[in-house]
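Student: Throughout the sequence shown, residue numbering follows numbering that gives the first Met the number 0, covering 0 to 320 in sequence. Think of the CB as a built atom: it goes at the ideal place given N, C-alpha and C, for glycine as much as any other residue. One structure, pasted below without further comment.
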Amino acid sequence: MKDRVKVAVLISGRGSNMAALVYAAKADDCPFEVALVASNVPDAPGLLLAKAEGIDIFTHTHHGLSREEHDQIMHDAIVEAGADYIVLAGYMRILSDEFVGKWCDHMLNIHPSLLPKYKGLNTYQRALDAGDEHAGCSVHLVTPTLDDGPVLAQTEVAILPDDDAEVLADRVLIAEHQLYASTLAQYITREADPDWILNQVRKHALALEETYERPSFGTPGWRVGSEKTGKYFAYFSLRHFGESGTSVFVKTSGLDEQSALLDADPDLYFAPKFYGKSGWIAIRLDTGHTDWDHVADWLKKSWRMVAPKKLTKMMDIAEEF
Ligand code: GRF
Numbered sequence: 000m001k002d003r004v005k006v007a008v009l010i011s012g013r014g015s016n017m018a019a020l021v022y023a024a025k026a027d028d029c030p031f032e033v034a035l036v037a038s039n040v041p042d043a044p045g046l047l048l049a050k051a052e053g054i055d056i057f058t059h060t061h062h063g064l065s066r067e068e069h070d071q072i073m074h075d076a077i078v079e080a081g082a083d084y085i086v087l088a089g090y091m092r093i094l095s096d097e098f099v100g101k102w103c104d105h106m107l108n109i110h111p112s113l114l115p116k117y118k119g120l121n122t123y124q125r126a127l128d129a130g131d132e133h134a135g136c137s138v139h140l141v142t143p144t145l146d147d148g149p150v151l152a153q154t155e156v157a158i159l160p161d162d163d164a165e166v167l168a169d170r171v172l173i174a175e176h177q178l179y180a181s182t183l184a185q186y187i188t189r190e191a192d193p194d195w196i197l198n199q200v201r202k203h204a205l206a207l208e209e210t211y212e213r214p215s216f217g218t219p220g221w222r223v224g225s226e227k228t229g230k231y232f233a234y235f236s237l238r239h240f241g242e243s244g245t246s247v248f249v250k251t252s253g254l255d256e257q258s259a260l261l262d263a264d265p266d267l268y269f270a271p272k273f274y275g276k277s278g279w280i281a282i283r284l285d286t287g288h289t290d291w292d293h294v295a296d297w298l299k300k301s302w303r304m305v306a307p308k309k310l311t312k313m314m315d316i317a318e319e320f
């Protein structure tokens, strides 16, 4: 079996979503494994099942501790388990900003409503009271504000005429169990999706001043300057120009720097066939652990090399001090 991404599931109660993830992970082609189930409630019913399934568990009550202290204890246990992602599944704790910051883009939650509707509690009753035709559930990334991060996926669940909150909750739960595992699988493998990678490069390239996208020989490229006289500072390559894999080409200061990079990290860099001759370098983006800050720094450096003087002047002055 391939290396699978380790996730830690945090629960406070019955843990049926945790169970759904554990069973999804039993499929041979599931890209994640549940490395740890952790709880702030030492006798949370879900822990029994996790244990019976042979999964490591960790518990530590939050009583008598500050939010930050408790979060730190959980953080240490999660890191110790080697988990790359945290999956909140009925974890009834508000998390400190510090903890959320540490797991930025690596922590998911499931909420029993069609967000942004009905954040917080009593979601089913509120949907019934509003006369909604559908309730549902959402998987979202966790940000400091409760139930507010970007929604990754949702499932609508029909409301039937005789539903009360309890009956509706049971039906929504069926949808939750399907949605969580599939969304998690898709999210953690997003770096294998060329469209996602392209959008990341695009976002960073277009965040630089006076830039725009223009295809070049059938692949997206980014230029700085005016429409007419602008210059390319990056190209996206998805097996273009005879290369393998997904990469971005950026400009180095010349062939010396290019060969130093190739020596220093041959797994990350390669010389692109056509552009390599003029000192461009390719950065691989399909390694599964791309450091996007590093890519953003490269784009900026490359941008700076070809940007019109009027744009770089202020930066040069600032750097002199
Ligand atoms: C679910 O309804 C989930 O949407 C919410 O908490 C509940 C957890 O249930 N975040 P379980 O412990 O997974 O059974």
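1. By how many angstroms is the C-alpha of Leu114 removed from the C-alpha of Leu237?
2. Please state whether DSSP places Thr58 in a helix, a strand or coil.
3. Comparing the CB of Asn121 with every heavy atom of the ligand GRF, is any distance shorter than 6 Å?
4. In this structure, does DSSP put Tyr90 in helix, strand or coil?
5. Ordered along the chain, which non-local residues of its own chain (more than five positions away) have a Cβ less than 6 Å from that of Tyr117?
6. How long is the line joining the alpha carbons of Arg3 and His110, rounded to whole angstroms?
7. From Gln153 to Lys299, what distance separates their C-alpha atoms?
8. Quick check on the DSSP output: the alpha helix (DSSP H) that includes Thr210 runs from which residue to which?
9. Per the contact definition of three or more C-beta pairs closer than 8 Å, is the stretch 2 to 16 in contact with the stretch 170 to 181?
10. Between Pro41, Val40, Asn39, Gly45, which has its C-alpha nearest Leu20's C-alpha?
11. Kindly indicate which three-state DSSP category Trp102 falls into: helix, strand or coil?
12. To which residues does DSSP link Asn108 through a beta bridge?
13. Name all residues in chain order for which at least one heavy atom of the ligand GRF lies closer than 5 Å to the residue's CB.
14. Span of the beta strand (DSSP E) holding Ser246?
Tutor: This is what the structure holds:
1. In the sequence shown, counting from the first residue as 1, residue 237 sits at position 238. In the sequence shown, counting from the first residue as 1, residue 114 sits at position 115. Their backbone Cα atoms lie some 35 Å apart in a straight line.
2. Within the sequence shown, numbered from 1, the residue matching residue 58 stands at position 59. Residue state, collapsed to three classes: strand.
3. Position 122 of the sequence shown, counting from 1, holds the residue named residue 121. No; taking the cut-off as 6 Å, the Cβ of Asn121 has no heavy atom of the ligand GRF nearer than that.
4. Walking along the sequence shown from the start, residue 90 turns up at place 91. Here Tyr90 sits in coil by DSSP.
5. Within the sequence shown, residue 117 is the residue found at index 118, counting from 1. Hits under 6 Å: Arg125.
6. Position 4 of the sequence shown, counted from the start, is the residue given in the question as residue 3. Position 111 of the sequence shown, counted from the start, is the residue given in the question as residue 110. So the two alpha carbons sit approximately 25 Å from each other.
7. Translated into the one-based positions of the sequence shown, residue 153 becomes position 154. Translated into the one-based positions of the sequence shown, residue 299 becomes position 300. The alpha-carbon atoms of Gln153 and Lys299 are separated by roughly 36 Å.
8. By one-based count along the sequence shown, residue 210 stands at place 211. From DSSP, Thr210 is part of no alpha helix (DSSP H) but of the beta strand (DSSP E) over 210 to 212.
9. yes
10. Working through the sequence shown from its first residue, we reach residue 20 at position 21. Nearest option by C-alpha distance: Gly45.
11. Looking up residue 102 in the sequence shown gives position 103. Reduced to three states, the DSSP call for Trp102 is coil.
12. Within the sequence shown, residue 108 is the residue found at index 109, counting from 1. Leu87, His139.
13. Gly12, Arg13, Gly14, Ser15, Asn16, Ala88, Gly89, Ile109, Pro111
14. Walking along the sequence shown from the start, residue 246 turns up at place 247. That run of the beta strand (DSSP E) goes 245 to 250.
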